[in-house]
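Taking my numbering, I'd label the letters of the sequence shown as residues 19 to 243. Virtual Cβ for every residue (Gly too), placed ideally from N, Cα, C. Note sheet for the following structure.
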Amino acid sequence: MPRNDELVQAAVSGDLKTVKRLIESGADPNSVDEHGMGPLLNFDPEITRYLLTHGADPDIQRNENISPVLGASGVLECMRLMLEAGADVNRASEHNGETALHGYAGTNDVEAVKLLLSYGANPNARTKPGMKTYCLWRDARVRGETPLHRAAAWGSPEVIQLLLDAGADPTLRDANKDTPLSWASWHRRDKSVIDQLSYEGSGVGPDLPVEVKEDPLPDGGNGVS
């Protein structure tokens, strides 16, 4: 066990030399440390590549049920390597149903969203209502939303368009019966975003006024608690 803990520490700290030494001496590339973190949850493409070629499973969920693909945390090449190695792009957290696309939809990371969609990420995947999220901030709760809901609230127009072009349904409602357009209005998105969602079949015409709604939940309006 100490050797496996050391492997995780070396991987996370970017120490490829130590990672190689430990793997060659028998450390398990799918091991976890006392915090539930595995060596694939690192930010170094060279280490990720080495671990994958030495038996690391890119689909094992560790660390609060976060998959390694989602845990790549913006390191595009690490995510690409895991997908090339056969990681399930639609693998959802057993805890809250979040996929990697949920994690990136509410960002401006266009290239990450493009990559996930190119590997078949489902733009209409739903989270499990009421469960804690690990993609956003502390104490937030998911609402059964799709990636488009999150993009409508926080993502760039480019990300929203990528999701729509990939088949995201703007009429789908979360567990509170709210559409992505509602999420956009809570967060006072620009008119261009409102129009973007309206034109795509949400049931609100581009020439009709859209009521700006207050998020009814008591978390200050993060849209997911």
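Notebook entry, point to check: I think residue 192 touches residue 142, with their Cβ atoms under 8 Å apart; what is that distance to the nearest whole Å?
Noted result: Not really, about 12 Å apart at Cβ, beyond 8 Å.
- Item | Presumed contact (8 Å Cβ cut-off) between residue 112 and residue 160, rounded CB distance | Not quite, the Cβ-Cβ distance comes to about 13 Å (not below 8 Å), so this is no contact.
Helix, strand or coil: which one does DSSP assign to residue 97?
-> helix
**Q.** residue 43 and residue 22 closer than 8 Å at C-beta
**A.** no
Cβ-Cβ distance between residue 124 and residue 173 below 8 Å: yes
**Prompt:** Which residue's Cα is closest to the Cα of residue 35: 65, 199, 181, 168?
**Reply:** 65
Within 10 Å of its beta-carbon, does residue 208 have 16 or more other beta-carbons around it, so buried, or fewer, so exposed? exposed
Worksheet entry | Residue from 136, 135, 164, 130 whose Cα sits closest to the Cα of residue 114 | 164
Quiz item: For the putative contact between residue 47 and residue 99, defined by C-beta atoms under 8 Å, what is the C-beta separation to the nearest angstrom?
Solution: About 14 Å; that fails the 8 Å criterion.
ask   = Around the C-beta of residue 60, are 16 or more other C-beta atoms found within 10 angstroms, so that it is buried, or is it exposed?
value = buried
According to the Cβ coordinates, are residue 126 and residue 177 closer than 8 Å? yes
* To do: Tell me where the alpha helix (DSSP H) around residue 35 begins and ends.
  => 34-42
Give every residue of the same chain whose Cβ lies closer than 8 Å to the Cβ of residue 24, excluding the five residues on either side of it in the sequence, and list them in chain order.
36, 40, 45
Other residues of its chain near residue 38: CB distance less than 6 Å, five sequence neighbours each side excluded: none
DSSP three-state call for residue 160: helix, strand or coil? coil
Would you say residue 26 and residue 73 are within 8 Å of each other, going by their C-beta atoms?
no
Q) Out of curiosity, what's the CA-to-CA distance linking residue 162 and residue 77? A) 23 Å
**Request:** For residue 168, name the three-state secondary structure that DSSP assigns.
**Result:** helix
request  = Would you mind reading off the limits of the alpha helix (DSSP H) that contains residue 67?
outcome  = 63-70
Exercise. Have a look at residue 134 and residue 97 and give me their C-alpha separation to the nearest angstrom.
Key: 9 Å
Which whole-angstrom value describes the C-beta separation of residue 215 and residue 170, a residue pair presumed to lie in contact below a C-beta threshold of 8 Å? 6 Å
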